[in-house]
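The block underneath contains the structure these notes are about, expressed in structure tokens.
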Amino acid sequence: MKQYQMLINAADRTGHIRPELYGHFSEHLGRCIYQGIYVGEDSPIPNIHGIRRDVIEAFREIRMPVLRWPGGCFADEYHWRDGIGEKASRKRMVNTNWGGTVEDNSFGTHEFMELCELVGCKPYLAGNVGSGTVQELAEWIEYITFDGDSPLANERRRNGREKPWKLPYLGIGNEAWGCGGNMRPEHYVDVYRRYQSFCKNFSGNTLYRVACGPSADDYHWTETMMQELKPWHTNAIALHFYTVPDWNNKGLAAEFDDAQYETLLAAAGYMDTLLTRHTEIMNRYDPDNRIGLIVDEWGTWYDVEPDTNPGFLYQQNTMRDAIVAALTLNIFNRHSERVVMANLAQAVNVLQALLLTEGAKMIKTPTYHVFDLYKAHQDGDAVYCFSENDRSEKGVPVLSHSASLKDGRLTLTVANCTLRDSAEICCTVAGFDAKTVTARILTNEAHAHNTFEEPEQVTIQPHTASIENGVLRCTLPPCSVTELTLA
Ligand code: AHR
324 MKQYQMLINA ADRTGHIRPE LYGHFSEHLG RCIYQGIYVG EDSPIPNIHG IRRDVIEAFR
384 EIRMPVLRWP GGCFADEYHW RDGIGEKASR KRMVNTNWGG TVEDNSFGTH EFMELCELVG
444 CKPYLAGNVG SGTVQELAEW IEYITFDGDS PLANERRRNG REKPWKLPYL GIGNEAWGCG
504 GNMRPEHYVD VYRRYQSFCK NFSGNTLYRV ACGPSADDYH WTETMMQELK PWHTNAIALH
564 FYTVPDWNNK GLAAEFDDAQ YETLLAAAGY MDTLLTRHTE IMNRYDPDNR IGLIVDEWGT
624 WYDVEPDTNP GFLYQQNTMR DAIVAALTLN IFNRHSERVV MANLAQAVNV LQALLLTEGA
684 KMIKTPTYHV FDLYKAHQDG DAVYCFSEND RSEKGVPVLS HSASLKDGRL TLTVANCTLR
744 DSAEICCTVA GFDAKTVTAR ILTNEAHAHN TFEEPEQVTI QPHTASIENG VLRCTLPPCS
804 VTELTLA
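Quick note on the numbering used here: the sequence shown kicks off at 324 and runs consecutively.
In structure tokens form, the structure reads like this:
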């Protein structure tokens, strides 16, 4: 077994890890909202006002900090007025992006805001720019946040909500370069500037306004946004990047060979290059970091599971996805100076989901468990962390890691990305007087996953590690993600 020397310098703080880096995304797509999160009040599945209790509990357990809704592509066809008032009389619409299903709008603004309250997370709305109007978006904000006496605030009261909600995050358009309107950045940036002028702060609410950012490596998009947007126009721009080595041949989540495993991990590692390059552009225009970078859609995207609706994007989730999640979250931690939020796509039953449901049953995926292992990083200070490393031919590192400090505890998360080789880490810890270490691990063969019949194939287990004279030692099995907590 090879030993890797590591060094953590807890005195060298490299950025603050906002909790929102561990954010999530829920869209009216397939079974994410309906069946996944919302089953309706009359359902035999335990619920609070129609919202699944098991899902609320699971989201709370990983301290979900923020949830984005209602899309995605759906957001640019969503008209918020269709989703308020008496459920029986809510307007129906066809979800043209996702399977052509009929959307009955029974999950709307009030239901989403209640979900966030129950979970204890912040709401992040994606406003309709593609097919909506400035007036529609401005009125949505007033409806949600205005405390005074106005027709919209009174309508909210008649619909059962006396006090306004806080609305911290507002996206102004989604993928304006694609399903959100196929715009050029030169055009979108003006559309954005117009929309944001009418997105007002009511009753002590302060909106954090998010402009649509680039798709993957569209650096021209970022350049244009940064040229034309000042901090008084926007708080952040949002990048989208999915881990898909070949869009024409995505493969199934749980069927892959060693080469495909490597290719996928290399593709996930590309997030580091993207963040570095977009940050370089942003640094030129905004050296003081006043405009944040958000990754409000990321994750793996495979072919749908056999015999499921192709428009529902339902996929399994294996240890391979857990490694992708660990690698990506370590990258986010390292870029936490510029990257202020990230949202995994998506929370339930869609793409790299946290949770899968089937009727009353709910399982936690390996990806969910990674968010559990990493939750101590939320609101911590990222600290310098180095390791000796090897890389495969495709550039995949043996070790992916990050460390943070919070409330007198030092957390190191480290993934062993190899398929067959254990690795021993021997980590010198400077700037922190570590007396104890506890470890938790997620490990299994790369194809291992949880099913409704066997929901505990991949779960977190206690692990062993030692700390002596400031040197931390731990053996990391192949295909594993470990959390080490030093106190
Ligand atoms: O997450 C699925 C879809 O991917 C979203 O609706 C869209 O924004 C992106 O293309």
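Beta carbons: idealized from backbone N, C-alpha and C, even for Gly. Bear in mind the structure is a predicted one, so any value in this text is a computation, not a measurement.
Under a Cβ-count criterion, where at least 16 other Cβ atoms within 10 Å of its own Cβ denotes burial, should Trp-555 be classed as buried or exposed?
exposed
Tell me which same chain residues have a C-beta within less than 6 Å of the C-beta of Gly-496, skipping the five on either side of it?
Val-452, Gly-503 and Cys-535
Label Ser-745 either buried or exposed according to how many other C-beta atoms from any shown protein chain fall within 10 Å of its C-beta, with 16 as the threshold for buried.
exposed
From Ile-604 to Tyr-707, what distance separates their C-alpha atoms?
24 Å
Given this structure, state the Cα-to-Cα distance separating Leu-742 from Glu-768, to the nearest angstrom.
8 Å
Compute the Euclidean distance between the alpha carbons of Lys-486 and Trp-621, then round it to the nearest angstrom.
Taken atom to atom, the span from the alpha-carbon of Lys-486 to that of Trp-621 is near 34 Å.
Give a single yes or no on whether Glu-806 has its beta carbon closer than 6 Å to a heavy atom of the ligand AHR.
Relative to the ligand AHR, even the nearest heavy atom lies 6 Å or more away from the CB of Glu-806.
Could you compute how far the alpha carbon of Leu-722 sits from the alpha carbon of Phe-348?
In a straight line, the C-alpha of Leu-722 is about 28 Å away from that of Phe-348.
Within its chain, find whatever has a CB closer than 8 Å to the CB of Ala-699; leave out the 5 residues flanking it on each side and keep chain order.
Ser-727, Lys-729, Arg-732, Thr-734, Glu-806 and Thr-808
Of the residues Arg-341, Tyr-361 and Asp-695, which one's Cα is nearest the Cα of Glu-681?
Tyr-361
Could you check whether the Cβ of Ala-726 sits closer than 6 Å to any heavy atom belonging to the ligand PLP?
As for the ligand PLP, it is missing from this structure, which binds only the ligand AHR.
Compute every distance between the C-beta of Ala-668 and the non-hydrogen atoms of the ligand AHR, then say whether any falls below 6 Å.
yes
If we require 3 or more residues per run, which beta strand (DSSP E) segments fall completely within the segment 708-776?
722-729, 732-739, 746-753 and 760-766
Beta carbon of His-724, beta carbon of Asn-656: below 7 Å?
no
Taking 6 Å as the line, does the beta carbon of Asn-739 fall inside it for any heavy atom of the ligand AHR?
no
Is it the case that the CB of Cys-535 approaches a heavy atom of the ligand AHR more closely than 6 Å?
no
Between Glu-498 and the ligand AHR, is the CB less than 6 Å from at least one heavy atom?
yes
Would you check if the distance between the CB atom of Gln-519 and the CB atom of Arg-532 is smaller than 7 Å?
yes
The beta strand (DSSP E) with Pro-388 in it runs from where to where?
Neither: Pro-388 is in no beta strand (DSSP E) and is coded neither H nor E.
Could you check if Gly-394 belongs to the surroundings of the ligand AHR, using beta carbon to heavy atom distance under 6 Å?
yes
Would Thr-766 and Ser-789 be called neighbours here (beta carbons separated by less than 7 Å)?
For Thr-766 and Ser-789, no; Cβs fall outside 7 Å.
Three-state secondary structure (DSSP) at Val-512?
DSSP places Val-512 in the helix class (H, G or I) of the three-state scheme.
Under 8 Å, with one C-beta from each stretch per pair, do the segment 467-476 and the segment 373-384 reach the 3-pair mark?
no
Looking at C-alpha atoms only, which residue of Val-512, Glu-711, Trp-624 and Phe-430 is the closest neighbour of Gln-669?
Trp-624
Out of Ala-561, Asn-632 and Cys-439, which has the shortest C-alpha to C-alpha gap to Ile-617?
Ala-561
Ignoring anything shorter than 4 residues, give me the alpha helix (DSSP H) runs that lie fully in the segment 409-445, in order along the chain.
432-442
To the nearest angstrom, report how far apart Gly-615 and Ala-559 are at their CA atoms.
4 Å
Rounded to whole angstroms, what's the CA-CA distance from Met-387 to Gly-346? Just pull it up for me.
6 Å
Helix, strand or coil, according to DSSP, for Met-605 in the structure here?
helix
Quick check on Phe-564: buried or exposed, where buried means 16 or more other Cβ atoms within 10 Å of its Cβ?
buried
By the three-class DSSP mapping on this structure, what secondary structure does Ser-520 have?
Helix at Ser-520.
Assuming Phe-564 is part of the beta strand (DSSP E), what are its boundary residues?
From DSSP, the beta strand (DSSP E) with Phe-564 extends over 559-566.
Can you give the beta carbon distance from Glu-651 to Ala-591, rounded, assuming they're within the 8 Å contact cut?
Residue identity differs from the one stated: residue 651 is Thr in this sequence, not Glu. At roughly 6 Å, the Cβ-Cβ gap stays under 8 Å, so Thr-651 and Ala-591 are in contact.
DSSP three-state call for Phe-818: helix, strand or coil?
Missing from the structure shown is residue 818; the chain here goes from 324 to 810 and no further.
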